[in-house]
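Remarks on the structure that follows.
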Amino acid sequence: MKVVLAGGGTAGHVEPALATADAIRRADPDAQVTLLGTERGLEVRLVPERGYELALIPPVPLPRRPTPDLLRLPMRVRNAVREAAEVLRSRQADVLVGFGGYVALPAYLAARRAGVPIVVHEANAKPGLANRVGARFTSLVGVASPGIELPHAQHIGIPLRRSIALLDRPATRAEARAFFGLDPSLPTLLVFGGSQGARRINEATAGALPALLAAGFQVLHAVGPGNVEAAAAAAAAHGVAVAIPASAESGLPAPETGAVSPESGLAAPQAGAVSPESGLASPQAGAVSPETGAVSPETGLAAPDTGPGARDAARSGSGSPVGAAGAAGAAGAAAGDGAAARYVPVAYVDRMDLAYAAADLAVCRAGAMTCAELAAVGLPAIYVPLPHGNGEQRLNATPTVSAGGGVLVADGDLTSSRLADEVTPLLGNRARLDAMGAAAATLGRRDADDRLVDMVRRAAVQKSVGG
Numbered sequence: 001m002k003v004v005l006a007g008g009g010t011a012g013h014v015e016p017a018l019a020t021a022d023a024i025r026r027a028d029p030d031a032q033v034t035l036l037g038t039e040r041g042l043e044v045r046l047v048p049e050r051g052y053e054l055a056l057i058p059p060v061p062l063p064r065r066p067t068p069d070l071l072r073l074p075m076r077v078r079n080a081v082r083e084a085a086e087v088l089r090s091r092q093a094d095v096l097v098g099f100g101g102y103v104a105l106p107a108y109l110a111a112r113r114a115g116v117p118i119v120v121h122e123a124n125a126k127p128g129l130a131n132r133v134g135a136r137f138t139s140l141v142g143v144a145s146p147g148i149e150l151p152h153a154q155h156i157g158i159p160l161r162r163s164i165a166l167l168d169r170p171a172t173r174a175e176a177r178a179f180f181g182l183d184p185s186l187p188t189l190l191v192f193g194g195s196q197g198a199r200r201i202n203e204a205t206a207g208a209l210p211a212l213l214a215a216g217f218q219v220l221h222a223v224g225p226g227n228v229e230a231a232a233a234a235a236a237a238h239g240v241a242v243a244i245p246a247s248a249e250s251g252l253p254a255p256e257t258g259a260v261s262p263e264s265g266l267a268a269p270q271a272g273a274v275s276p277e278s279g280l281a282s283p284q285a286g287a288v289s290p291e292t293g294a295v296s297p298e299t300g301l302a303a304p305d306t307g308p309g310a311r312d313a314a315r316s317g318s319g320s321p322v323g324a325a326g327a328a329g330a331a332g333a334a335a336g337d338g339a340a341a342r343y344v345p346v347a348y349v350d351r352m353d354l355a356y357a358a359a360d361l362a363v364c365r366a367g368a369m370t371c372a373e374l375a376a377v378g379l380p381a382i383y384v385p386l387p388h389g390n391g392e393q394r395l396n397a398t399p400t401v402s403a404g405g406g407v408l409v410a411d412g413d414l415t416s417s418r419l420a421d422e423v424t425p426l427l428g429n430r431a432r433l434d435a436m437g438a439a440a441a442t443l444g445r446r447d448a449d450d451r452l453v454d455m456v457r458r459a460a461v462q463k464s465v466g467g
């Protein structure tokens, strides 16, 4: 079987495509899998790292509103369709699987013209233009959650990495907390945002820390690349002791100027500037950027390859005082002298499976992958949807929240006091957390990759799956 997967651009498109590629290989070790992408997408790094062929076509950004770019759109589409058609022809594709985004639309049009069967997967609650077009060409359409309005939609979930799909949170909790240097017995809050962190969430968390720690909780906070020292200083200003794992900043790539965050849609800041999304200063120019490793599906940034020494330090919980400011250094030193600090800021979480296992509750954005992963592992969350775009993040979280597996807080309503007021009664109530986790898990699908592969095999056998 020869399959082309069109899922380039953001991590929300690339990671489900890669999870599907892995599932195809498990089902058919002889299958030939090619991923279609553009030179500007995350797939340029991620796909080769996972051992798959990557074919590139020109990107076709689709303006959300009338702009001068619309005049150039027909020519761009024609060029991209022509090159996508050549990929399908040269690989003798039996099936095209599209995941939406810039790459999928020309791929759908090329496959339709060439008579190649199409399978569509939609991760977001509000489908984009590409998948609305693609779904007209096939009866095999998999969607992330019930109620997504596409023709022939079947609720299968989102293909997830095996480390997430197979995660047993209770069985992994002790290992996970040791990995991040957390106390093995304290109720644990996980906070994370987009690839540069999330400004509103970061600021609210810093202000809420005294109340959260006074309530007997501990906090693991992914603040965004280059933001660890600033986060530690902000925490210290509130009198909070900080412990930073040795690998907290190591191995992270410096954000490329002008690169777009896949979760926030904001450009990465100039070196030394304040990130509009994280609210924290970005690294100064000249900072060393070590080699990259694995990738988080939600942030879309390369994760650190910290090496045995740093990884062992992270596992054992060893850390170093923060030198961002005198107050931060004093707080870190104080933490080293007495009880372990219960606030652990890290730039990036490269092992989201362990972060989920360590946590009892999450505070996060509501990207499609985040919602799918939290539901799959049964982790309750306070969702703070990104207020930009077409409102899809709020819609992504709504099924879980409606089922009782989460709480929804508008970005504009998230203050330090509101965060503390939301977290405290939840994180302090084990029975309620268990009930919320069970409710979230009713919507979680751990087998979406295999179910999507079933669609691919049906398409390959039927040869024609017109909508």
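Be aware that the sequence shown starts at 1, since it is given in the UniProt record's numbering, and climbs by one per residue.
Don't be surprised by glycine CBs; every beta carbon is placed ideally from N, CA and C.
All of these numbers come straight from a predicted model, not from anything done at the bench.
Subject >> Terminal residues of the alpha helix (DSSP H) in which Val87 lies >> reply: Walking along the sequence shown from the start, residue 87 turns up at place 87. Per DSSP, Val87 is one residue of the alpha helix (DSSP H) stretching across Leu73 to Ser90.
Original post:
Where does Pro68 sit, in a helix, a strand or coil, going by DSSP?
Top reply: Walking along the sequence shown from the start, residue 68 turns up at place 68. Three-state result, Pro68: helix.
Original post:
Can you name, in chain order, every residue of its own chain whose Cβ lies under 6 Å from the Cβ of Asp94, other than the five neighbours on each side?
Top reply: Position 94 of the sequence shown, counted from the first residue, corresponds to residue 94. Closer than 6 Å at Cβ, skipping near neighbours: Met1, Lys2 and Ala460.
Original post:
Which value, in whole angstroms, describes the spacing of the CA atoms of Gly239 and Gly216?
Top reply: Taking the first residue of the sequence shown as 1, we reach residue 239 at position 239. Taking the first residue of the sequence shown as 1, we reach residue 216 at position 216. C-alpha separation (whole angstroms): 15 Å.
Original post:
Enumerated in chain order, which unbroken segments of the beta strand (DSSP E) with a length of 3 residues or greater are wholly contained in the region 143-214?
Top reply: Qualifying beta strand (DSSP E) stretches, in chain order: 153-155 and 188-191.
Original post:
Rounded to the nearest angstrom, how far is the Cβ of residue 477 from that of Ala232, given a contact under 8 Å?
Top reply: Nothing about residue 477 can be reported from this structure: the residues present for the chain run from 1 to 467 only.
Original post:
Which residues mark the beginning and the end of the alpha helix (DSSP H) in which Glu49 is found?
Top reply: Taking the first residue of the sequence shown as position 1, residue 49 is located at position 49. First-last of the alpha helix (DSSP H) with Glu49: Glu43 to Glu49.
Subject >> Same chain, Cβ closer than 7 Å to Glu39, five either side skipped, listed in chain order >> reply: To locate residue 39, count along the sequence shown from 1; it is residue 39. Excluding sequence positions up to five before and after Glu39, its CB lies within less than 7 Å of the CB of Leu56, all in the same chain and listed in chain order.
**OP:** Write down the C-beta distance between Ala440 and Gly406 rounded to the nearest angstrom, noting that I regard them as a contact closer than 8 Å.
**Re:** Taking the sequence shown and counting its residues from 1, one reaches residue 440 at position 440. Taking the sequence shown and counting its residues from 1, one reaches residue 406 at position 406. Between Gly406 and Ala440 the Cβ distance is about 6 Å, and since that is below 8 Å, they are a contact.
Original post:
What residue ranges within the region 218-251 form continuous alpha helix (DSSP H) runs of no fewer than 4 residues, ordered along the chain?
Top reply: Segments of the alpha helix (DSSP H) lying fully in the region 218-251: 228-237.
Subject >> Beta-bridge partners of Ser19, as assigned by DSSP >> reply: In the sequence shown, the residue the question calls residue 19 occupies position 19. The question names Ser, but residue 19 is Ala in the sequence shown. Looking at the DSSP output, Ala19 bridges to nothing.
Subject >> Assigned exposure category for Gln92 - 16 Cβ within 10 Å defines buried >> reply: Locating residue 92 in the sequence shown gives position 92, where the first residue counts as 1. So Gln92 counts as exposed.
Subject >> Inter-residue spacing [alpha-carbon to alpha-carbon] between Leu443 and Ala376 >> reply: Here residue 443 corresponds to residue number 443 of the sequence shown, with the count starting at 1. Here residue 376 corresponds to residue number 376 of the sequence shown, with the count starting at 1. Those two C-alpha atoms are separated by around 7 Å.
**OP:** Starting from the Cα of Leu395, find the closest Cα among Ser417, Cys371, Gly404 and Pro380 and give me that residue.
**Re:** Counted from its first residue, the sequence shown places residue 395 at position 395. The shortest C-alpha separation from Leu395 is found at Cys371.
**OP:** Answer yes or no: do Ile156 and Leu408 have a C-beta to C-beta separation smaller than 8 Å?
**Re:** Along the sequence shown, read from residue 1 onward, the residue named residue 156 stands at position 156. Along the sequence shown, read from residue 1 onward, the residue named residue 408 stands at position 408. It is not a contact, given that the beta carbons lie outside the stated cut-off.
Original post:
Straight-line CA distance for Arg136 to Leu105?
Top reply: Your numbering for residue 136 matches position 136 in the sequence shown. Your numbering for residue 105 matches position 105 in the sequence shown. One C-alpha to the other measures close to 12 Å.
**OP:** Would you mind stating whether Ile158 and Pro127 have Cβ atoms separated by less than 8 Å?
**Re:** Position 158 of the sequence shown, counting from 1, holds the residue named residue 158. Position 127 of the sequence shown, counting from 1, holds the residue named residue 127. The criterion of a C-beta distance shorter than 8 Å is not satisfied by Ile158 and Pro127.
Original post:
According to the neighbour-count rule (16 or more other Cβ atoms, all chains shown, within 10 Å of its Cβ), is Gln218 buried or exposed?
Top reply: For the purposes of this step, residue 218 is identified with residue 218 of the sequence shown, where counting begins at 1. In summary, Gln218 is buried, with 16 or more beta-carbon neighbours lying within 10 Å of its beta-carbon over all protein chains present.
**OP:** Inspect the beta-carbon positions of Val4 and Leu36 and report whether they are closer than 8 Å.
**Re:** Taking the first residue of the sequence shown as position 1, residue 4 is located at position 4. Taking the first residue of the sequence shown as position 1, residue 36 is located at position 36. Contact: yes.
Original post:
beta strand (DSSP E) containing Tyr383: first to last residue?
Top reply: Sequence index remark: in the sequence shown, residue 383 carries index 383 (1-based). Element bounds for Tyr383: Ala381 to Tyr383.
Original post:
Of the residues Arg76, Arg82, Pro58 and Leu18, which one's Cα is nearest the Cα of Tyr52?
Top reply: Here residue 52 corresponds to residue number 52 of the sequence shown, with the count starting at 1. The option with the nearest alpha carbon to Tyr52 is Leu18.
**OP:** Would you decide whether Arg112 is buried or exposed? Buried here means 16 or more other CB atoms lie within 10 Å of its CB.
**Re:** Residue 112 sits at position 112 when you count from the first residue of the sequence shown. That one is buried.
Subject >> Boundaries (first-last residue) of the alpha helix (DSSP H) holding Ser60 >> reply: Residue mapping note: residue 60 aligns to position 60 of the sequence shown, counting from 1. The sequence shown places Val at residue 60, not Ser. From DSSP, Val60 is part of no alpha helix (DSSP H); its letter is neither H nor E.
**OP:** Report buried or exposed for Ser145, applying the criterion of at least 16 other Cβ atoms within 10 angstroms of its Cβ.
**Re:** Residue 145 sits at position 145 when you count from the first residue of the sequence shown. Around the CB of Ser145, 16 or more other CB atoms lie within 10 Å, so the residue is classed as buried.
Original post:
So Ala6 is in the beta strand (DSSP E); what residue range does that whole segment cover?
Top reply: Looking up residue 6 in the sequence shown gives position 6. Taken as a continuous stretch (DSSP letters only), the beta strand (DSSP E) holding Ala6 covers Lys2 to Ala6.
Original post:
If Ala420 and Leu212 are in contact, beta carbons under 8 Å, what's the gap, nearest whole angstrom?
Top reply: Numbered from its first residue, the sequence shown carries residue 420 at position 420. Numbered from its first residue, the sequence shown carries residue 212 at position 212. Confirmed, about 6 Å.
Original post:
How would you write the range of the beta strand (DSSP E) that Leu96 sits in, first residue to last?
Top reply: Counting from one through the sequence shown, the residue named residue 96 turns up at place 96. That run of the beta strand (DSSP E) goes Val95 to Gly98.
Subject >> Range of the contiguous beta strand (DSSP E) that encloses Glu122 >> reply: Along the sequence shown, read from residue 1 onward, the residue named residue 122 stands at position 122. Ile118 to Glu122 is the extent of the beta strand (DSSP E) around Glu122.
Subject >> Stretch pair the region 423-431 + the region 343-358: three plus CB contacts closer than 8 Å >> reply: Verdict: no, contact absent.
**OP:** Whole angstroms is fine: what's the gap from Arg50's alpha carbon to Arg351's?
**Re:** Position 50 of the sequence shown holds residue 50. Position 351 of the sequence shown holds residue 351. One C-alpha to the other measures close to 16 Å.
Original post:
If you run the structure through DSSP and keep just helix, strand and coil, what is Val103?
Top reply: As a position in the sequence shown, residue 103 is number 103, starting the count at 1. Correct three-state label for Val103: coil.
Subject >> Leu190 classed as buried or exposed, judged by whether at least 16 other C-beta atoms fall within 10 angstroms >> reply: Here the question's residue 190 lines up with position 190 in the sequence shown. It counts as buried.
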